[in-house]
Structure formats: structure tokens, C-alpha cells
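Notes to accompany the following structure.
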Amino acid sequence: MSTEMIFSAMRTAAIGILSTMLVACTTTKPGPGAHGSHKAVEPEINMVNYPQTECPQIWQINDEKEMQSGLYWQRAIDCAVRLSPAEARAEARRWPATHWYGALKQGVLLANGNVTPAERRQYLLRLDAFISDYPASIRPLIQLWRDNQVNLLQLSEERTRYHHLQQSSDAQLDALRQQQRAQTRELDLTRRKLETLTDIERQLSSRRSPDASDSGHGDNNAAPAEGNGNTPENATQDATQP
567 MSTEMIFSAM RTAAIGILST MLVACTTTKP GPGAHGSHKA VEPEINMVNY
617 PQTECPQIWQ INDEKEMQSG LYWQRAIDCA VRLSPAEARA EARRWPATHW
667 YGALKQGVLL ANGNVTPAER RQYLLRLDAF ISDYPASIRP LIQLWRDNQV
717 NLLQLSEERT RYHHLQQSSD AQLDALRQQQ RAQTRELDLT RRKLETLTDI
767 ERQLSSRRSP DASDSGHGDN NAAPAEGNGN TPENATQDAT QP
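For the sequence shown, position 56 matches number 622 in our numbering, and the numbering has no gaps at all.
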């Protein structure tokens, strides 16, 4: 047998062996533990349906992890609106502002408790003290709620300022009315005095006019008698003389 024939037979045998090995690899089934080792473990998710949770249960939740959900705080804000001012204040006293969720829950409750501007400013300052502790998942919600509280505070301050301005304006108007009344009384008094003086002057003028006419007539009658000097006695004396 020639050398070429030997190498050809060896090559054919090698190709056959490789083919058999490839078929064996593709047809081999994995063992029962093969799939289990690569299977992804699904986490157990236990989500609370906060929109359907009763309000009394909302206030009882004291788990920080559960309160990192924005849905929880949306429900808490909705439940706080349903409380009366006295109930909201009473519930707020149960939550000391010693951590971020206690301060936030207290603020949400007090916001519906007919608070004064000073009280609103105070719980906003308490919230700002925990600004670095807020979870990233609810930061936008807290910021939105805080902005609304700031707007309410500014509105309250503007109303107070307007009330003070209105009181000042009313006081000025009242002073002007009193001044006008006083000036009206003085004007009436001056008018009456002028009318009295006018009446007195008219009366004096009416009395002075007849006296002047009488004195004028008396002077006219006496003047011819003095000028002629013809009295009855003089006439008799002239008649008796020779």
C-alpha cells in the first residue's frame, strides 16, 4: 500500500471520529440541575394598594420603608383633608418630628388644622431640617407639597397686609369725615354770623334814613324866617311909625 493511500485512510478515520463527537455533544441533554443553576430568581413583591387603604390604617403605618412610596403620601394627604381641624391636630400630636416621615406626616396633618401663619412657617422649618434624609423616590412629591404650603403662607401674609392697609385707610377716611364735619359746622356758624350782621346793618340803615329826611325839612322852613326878619311884632311897629 502506498503512502498516499495510508494518509487518505487516516484522514477519513479522523473525520469520522470528529463527526461522531459533534453529534454526541449536540444530542446530550442537560442534567436536571443544569436549568436550575441558571434560572433567574424572581423577587417577591408585596405592594400595598394605598388608594384602597382605609384612612385609619394609613395613620397607623409606622414603617419607614412603606412610607418611601409616593402612593402612601398621596393617600395620606387625601385622608388628612377628610379630617376636621380638631382631629387633624390631635393626630399630628401623635407624630413627633424626630425623623423625616414624622415631620412630614405632622405637617400634612397640621396643614388642614386651621393653622396660623406662624404655625405653618414653623412646621415648614422642621421639614427643611430633614431635607437630606428624604428618599429620592418621594422628593418631587415633597417639593410640590412644600411649594403649595409656601404659596398658602404668602397668601395669608398678603391678606394680613391688606387687612392692615384697609384698617389704616378706614381710619384715615374716618378722620377726614370728622374734619369735614368740623369744617361744615364752622362754615355754618360763620354763615349765621354773617347773616346776623347783615340783618343788623339793614336795621340800622332803615332807622337812619327817616332821621336824615326830617332834619332836612326843618332847616328849609327856618331859613326864610331868619332871612326876612318879618315877624308880626316888626310889622306892627312899622305900621305905627309916622
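Yeah, the Cβ is synthetic: ideal placement off N, Cα and C, and Gly gets one too.
*Is R773 buried or exposed, if buried means 16 or more other CB atoms sit within 10 Å of its CB?*
Taking a 10 Å sphere around the C-beta of R773, we find fewer than 16 other C-beta atoms and assign the residue as exposed.
*Tell me, to the nearest whole angstrom, how far the beta carbon of Q634 is from that of I704; I am working on the premise that it is less than 8 Å.*
So it is a contact: roughly 6 Å between Cβ atoms.
_Going by DSSP in three states, L649 sits in which element: helix, strand or coil?_
coil
*Report the three-state DSSP secondary structure of S771 (helix, strand or coil).*
helix
*Any beta-carbon of chain B closer than 8 Å to the one on I766?*
Looking at the structure shown, chain B is missing, and only one protein chain is on hand.
*Distance, Cα to Cα, V674 vs L739?*
43 Å
_I'd like the span of the alpha helix (DSSP H) that includes E685, first residue to last._
The continuous alpha helix (DSSP H) containing E685 extends over residues 683-695.
*Where does Y667 fall in DSSP's three states?*
helix
*Distance, Q720 Cα to W666 Cα*: Their backbone Cα atoms lie some 24 Å apart in a straight line.
*Under 8 Å between C-beta atoms of L672 and A684*: The sequence given here has Gln at residue 672, not Leu. For Q672 and A684, no; Cβs fall outside 8 Å.
*Express the C-alpha separation of E724 and Q733 in angstroms, rounding to a whole number.*
Approximately 14 Å, taken between the alpha carbons.
*asked:* Across the region 618-631 and the region 687-700, are there enough close Cβ pairs to call them in contact, namely three or more that are closer than 8 Å?
replied: no
*Secondary structure of R743, DSSP reduced to three states*: Looking at R743 - three-state DSSP - the assignment turns out to be helix.
_At the level of alpha carbons, what is the spacing between R727 and V681?_
18 Å
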